[in-house]
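Here's the structure we're looking at; comments come further down.
Numbering (my numbering), first residue to last: 15 to 353.
Shown next as structure tokens:
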């Protein structure tokens, strides 16, 4: 009997922390038209002429700080997710892992599913909140590849799972490990996006950034808005932990360039809190299902150091979903539910 196929896709990682491999990764990542959505000429000049040559060596040093004997943390956790999900689903399924950028490629993972003769494919982009630059890019890449196949099986996509109750419970459980009452404030820090991409995603053209609180409540108008989904994820985690609204802030990190990105910026909020006397800060990062450069280094190392230099005592990162068995159960649910 034919198996059902499941394709897990994460963002990607360099093959090694060498400058050469980091530059190759950055080049593929930043040349994606959904990531830097400007003209091809402008993107080529910016990425190949400025960002990759100059940022590559700096990023390589950062990757070297988080690299382990098992390789990239993101790759390590993603491979375990694949293997654990395969164990959960059993012999009636074939689970493969692909990275949107670098290895293993989405194409190689899809080819394995094709060679396995699967009767259908469920694509799960490992990003809780939908964004064109992440989930949208994965879906586009999958469709480009399979469009060249002679026989195309049934394919279904998971758009987002930002409000999945079991996922929320894992983040909340991980937060409780840190004795919540000992912290003065809580941050929910999500990966940033340029404001222009948020605006482009507003099909109504009448809602996005038209007010200061346009993302605070998820509605039919902004249901596909990355920022609105981020706020909703944060609200659900905070409610499950009984964190009052005035005790937490939703922020965005990892911006690139000088144009405005989703705000407020995590770095600025961390600085302001320290200057205003906040001593202990607990940070959730619910845009990532696996700990990676943006969490292990940017939050746990950089923000912690900056916070202490301004008078704070501690920025504590809450670990991500990683290989938590309840999270694997969420993947099982996404793989088997009727879309």
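Note that CB positions come from ideal geometry on N, CA and C, so glycine has one too.
The continuous alpha helix (DSSP H) containing residue 157 extends over residues 151-160. Every alpha helix (DSSP H) stretch that sits fully inside the segment 51-118 and reaches 4 residues is listed by chain position as 54-60, 66-80 and 87-103.
Put simply, the segment 162-169 does not touch the segment 46-61. Fewer than three CB pairs are less than 8 Å apart. In the DSSP assignment, residue 183 falls within the unbroken alpha helix (DSSP H) covering 179-190. Residue 28 sits in coil when the DSSP states are folded into three classes, being neither helix nor strand. For residue 171, no alpha helix (DSSP H) run applies; the uninterrupted beta strand (DSSP E) run containing it begins and ends at 168-171, by DSSP. No Cβ-Cβ contact shorter than 7 Å links residue 207 with residue 24. Spatial neighbours of residue 80 in its own chain (CB-CB distance under 7 Å, excluding positions within 5 residues in sequence) are listed in chain order as 87, 307, 310 and 311. DSSP lists 264 and 298 as the bridge partner or partners of residue 202.
Ranked by Cα distance from residue 149, the options 273, 238, 344 and 331 are led by 238. Look at residue 207 here: in three-state DSSP terms it is coil, with no helix or strand label. Residue pairing from DSSP places residue 134 in a beta bridge opposite 18 and 168. The beta carbon of residue 142 sits closer than 6 Å to those of 175 and 176, all from its chain and outside the five residues before and after it, given in chain order. Per DSSP, residue 36 lies in no beta strand (DSSP E); the unbroken alpha helix (DSSP H) holding it starts and ends at 33-44.
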